[in-house]
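Notes follow the structure.
There are 2 protein chains.
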Amino acid sequence: MRSFVAVVDAGRFQDAADDLSITQQAVSKRIAALERTLGVRLFTRTARGARLTVDGQAFLPHARDLLRAEERALASVRPGRRALRVDVIGRRLAPASVLGGFHRARPEVELDVVTLFDVGAAVEALASGSIDASFRAVDPSRLSGDIAAARVFDEPIQLLTGPGHPLADAASVTPADLAGHRIWMPGIVAGTEWAAYYDALAAAFGLGIEVTGPGFGTEPLLDTLAGSPSLATFVGELTRLVWPADQGLRRISVQDPTPVYPHSLIWRRGNPHAALGDLRDHLGTVRPGAGTWTPEWASAAA
Amino acid sequence: MRSFVAVVDAGRFQDAADDLSITQQAVSKRIAALERTLGVRLFTRTARGARLTVDGQAFLPHARDLLRAEERALASVRPGRRALRVDVIGRRLAPASVLGGFHRARPEVELDVVTLFDVGAAVEALASGSIDASFRAVDPSRLSGDIAAARVFDEPIQLLTGPGHPLADAASVTPADLAGHRIWMPGIVAGTEWAAYYDALAAAFGLGIEVTGPGFGTEPLLDTLAGSPSLATFVGELTRLVWPADQGLRRISVQDPTPVYPHSLIWRRGNPHAALGDLRDHLGTVRPGAGTWTPEWASAAA
DNA sequence: AGCGGCCACAACGTTCCGTTGTGCGGCTCG
DNA sequence: CGAGCCGCACAACGGAACGTTGTGGCCGCT
């Protein structure tokens, strides 16, 4: 492929061979092999060099695309001067949406999005330089000195129920209304920030939150919820859910106070990546809104 | 690269090897070689299979992009069910703009843009099926029965002069005004539709059009024009020109009548490519406008 | 502690690839 | 019009790369 593009740019096999630091015969064999695998002739050979056929012209932009893709792939793991690498907690959750907004606002900034296991892994990755930023809910006072955090987005939590649930037709509910109801959050791993958040939420309002059982993905969860008259779950307002057909699921806002999930951006102080500053500028910082609730630790000073 | 994606999708080297129809050891060596060339570790090897590292997660979308690019490249030359392949007469000229408009309107339609030598080559390529459509100015009556044409766009011709030209400050000129002036069109190859058009234009209004000399590209032409007090040239209204700094070049509209270049779309009757119909629908057909001039042959019936 | 699953290392044969040497066809210039 | 040149293709050869078989080490599970 590289030989093909080199011949197009050079116009002659010999010149392309010089560019590639191989012999003209090797280029000839590469092009012949490429033409054989594609089943079409890419060049018309003339006495003054090689000219593209129609098929070659059509193939050329795709070949260049391929080489560009290779270049980007290599750049994505090249140490130093690589794309900004950001950890988000699930691609359907709010941080991914926020990051998508940044990408639309600044499409020229190269982004690589990854997902780590938990805050600890994220902090470790930040410290080692393998990622540049992470969206997490953290207790700022527990971060070591070289890791900085900014609370960038408070996401209201909604109640998700099936149509047969007693609260299914409520326009909104208060946290106190939920006492005595079964809140089911399968797949929450103990020790993660999710578990810490829901533990605090349960303790603050006397809720019964069941974190039992491994998660089998969202689809079975939604199926179970849709058919249950007593189970409900929490879901972030910006979480993208896709349910196959309409299962009658309801998203009910929670108010007075509204529990919000405090998404923070954390990064290593002194990280010189230019795009990191752009991202921080784009996100800004939020202060806790009136009528909202977050765990104590989310409001601690850094 | 394919092995990398296969391992990610399968989760285990052995399963990926089965998908690729090679042995587990071969997959192991491929991944090891890839990690060696990239200089980073892509997987963490566990007793239950292979999990992506942070670098692996960042690399993955680029690897998929690369494979998609390869797939598109192969598809661009695969006979049958390939992207719509359209011949345009120069990428800076009006047909390329029109095609760009179609692409913006119907981004899902895959397009390959090529440029052939002249109408004859285009018709031949249409007949042989190596292209699906061509933007050209043709005499419809001279096309064979299985090639169809539709006049899709009339592009007004403008006069391009340097600041020292006698007509430089005119708001507009008539073709009759140009008699006696030197019109210079280097790079026009005799026998092409361009030559036929300007020959007809010269004959109709008694103009002196010089087609001498090979074209050395647009930049030297613009340079010469900018410095000449007597030379001028014609240029299509939609032609994209880029001049380095401001050379004082003037684009002067021609009126009473306005010579227009009759771009036609030509295609082979019976070509079943679905996107060809989409393109024809998008372009529609124009009738010669009042106050315009085209060569006789452009208005002939098919 | 034993076992099974999973990946890495080693040795080997084949295939592929690049190089050197040479041939063929078309353009160009005397 | 023919000699010379230029540009690409074909042939033979050596080495590198790749995939296979066989085997060992590590981890988690029973």
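So the protein lines, in turn, are chains G and Y.
Reminder that position 92 of the first sequence reads as 72 in the numbering used here, one-by-one numbering, no gaps.
Reminder that position 301 of the second sequence reads as 281 in the numbering used here, one-by-one numbering, no gaps.
Ideal Cβ positions, reconstructed from N, Cα and C, are used throughout, including at glycine.
Here the structure is a predicted model, which is why all the values come from computation and not from measurement.
Run down chain Y in chain order and give the residues with a C-beta less than 9 Å from the C-beta of residue i.
| i | result |
| --- | --- |
| Asp126 (chain G) | The contacting residues do not exist; Asp126 (chain G) stays about 19 Å from chain Y at best. |
| Thr95 (chain G) | Gln37 |
| Arg260 (chain G) | Ordered by position in chain Y, no residue passes the 9 Å Cβ test against Arg260 (chain G), which lies about 20 Å from the chain. |
DSSP three-state label for residue i, please.
| i | result |
| --- | --- |
| Arg267 (chain G) | coil |
| Glu276 (chain Y) | helix |
| Val66 (chain Y) | strand |
| Ile2 (chain Y) | coil |
| Ala282 (chain G) | Model confidence at Ala282 (chain G) stands at a pLDDT of 46, short of 50, so the residue's coordinates are unreliable; what they give is reported in the following sentence. Here Ala282 (chain G) sits in coil by DSSP. |
| Arg231 (chain G) | strand |
| Val153 (chain Y) | strand |
| Ile11 (chain Y) | helix |
| Gly36 (chain G) | helix |
| Arg122 (chain G) | helix |
| Val57 (chain Y) | helix |
| Thr198 (chain Y) | helix |
| Phe97 (chain Y) | coil |
| Leu211 (chain G) | strand |
| Gly144 (chain G) | coil |
| Ser77 (chain G) | helix |
| Ala159 (chain Y) | coil |
| Pro87 (chain G) | coil |
| Thr172 (chain Y) | coil |
| Gly250 (chain G) | coil |
What is the rounded straight-line gap between the Cα of residue i and the Cα of residue j?
| i | j | result |
| --- | --- | --- |
| Gly207 (chain Y) | Asp(-1) (chain G) | 38 Å |
| Ala184 (chain Y) | Arg31 (chain G) | 37 Å |
| Phe115 (chain Y) | Leu259 (chain G) | 45 Å |
| Gln(-6) (chain G) | Gly19 (chain Y) | 33 Å |
| Leu158 (chain G) | Leu187 (chain G) | 7 Å |
| Ala38 (chain Y) | Leu79 (chain Y) | 35 Å |
| Ala278 (chain G) | Thr238 (chain G) | 15 Å |
| Phe23 (chain G) | Gly109 (chain Y) | 18 Å |
| Arg71 (chain G) | Gly216 (chain G) | 13 Å |
| Glu199 (chain G) | Pro242 (chain G) | 26 Å |
| Arg131 (chain G) | Ile246 (chain G) | 9 Å |
| His145 (chain Y) | Val266 (chain Y) | 34 Å |
| Glu15 (chain G) | Asp261 (chain Y) | 35 Å |
| Gly271 (chain G) | Asp236 (chain G) | 6 Å |
| Asp126 (chain Y) | Arg162 (chain Y) | 41 Å |
| Ile189 (chain G) | Ala182 (chain G) | 6 Å |
| Ala148 (chain G) | Ala176 (chain G) | 27 Å |
| Leu91 (chain G) | Ala49 (chain Y) | 19 Å |
| Arg62 (chain Y) | Ser56 (chain Y) | 6 Å |
With a threshold of 8 Å between beta-carbons, can residue i be considered close to chain G, or not?
| i | result |
| --- | --- |
| His83 (chain Y) | no |
| Asp112 (chain Y) | no |
| Glu276 (chain Y) | no |
| Ala12 (chain Y) | no |
| Ala53 (chain Y) | yes |
Tell me, please, which residues DSSP counts as bridged to residue i.
| i | result |
| --- | --- |
| Trp164 (chain G) | G:Glu190 |
| Pro295 (chain Y) | Summary: the structure shown does not reach residue 295 (chain Y), with chain Y confined to residues -19 through 282, and so no result is reported for it. |
| Arg116 (chain Y) | Y:Ser244 |
| Asp92 (chain G) | G:Arg65 |
| Phe23 (chain G) | G:Leu32 |
| Gly216 (chain Y) | Y:Ile137 |
| Ala130 (chain Y) | Y:Leu245 |
For residue i, which residues in chain Y fall below 7 Å Cβ to Cβ?
| i | result |
| --- | --- |
| Leu56 (chain G) | With the sequence shown as reference, residue 56 (chain G) is identified as Ser, and Leu is not the correct amino acid for it. Ordered by position in chain Y, the residues that pass the 7 Å Cβ test against Ser56 (chain G) are Ala38, Phe39, His42. |
| Arg65 (chain G) | Ala38 |
What does residue i reach in chain G if we use C-beta pairs closer than 7 Å?
| i | result |
| --- | --- |
| Asp92 (chain Y) | Ala38 |
| Val20 (chain Y) | Val57 |
| Pro105 (chain Y) | Inspection of the sequence shows that residue 105 (chain Y) is occupied by Ala rather than by Pro. The answer, in chain order, is Val34. |
Are the C-beta of residue i and some C-beta of chain Y separated by less than 8 Å?
| i | result |
| --- | --- |
| Val34 (chain G) | yes |
| Ala282 (chain G) | Per-residue confidence for Ala282 (chain G) stands at a pLDDT of 46, beneath the threshold of 50, marking its modelled position as unreliable; no derived number is given. |
What does residue i reach in chain Y if we use C-beta pairs closer than 8 Å?
| i | result |
| --- | --- |
| Glu50 (chain G) | Leu46 |
| Arg131 (chain G) | Simply none; closest approach about 24 Å. |
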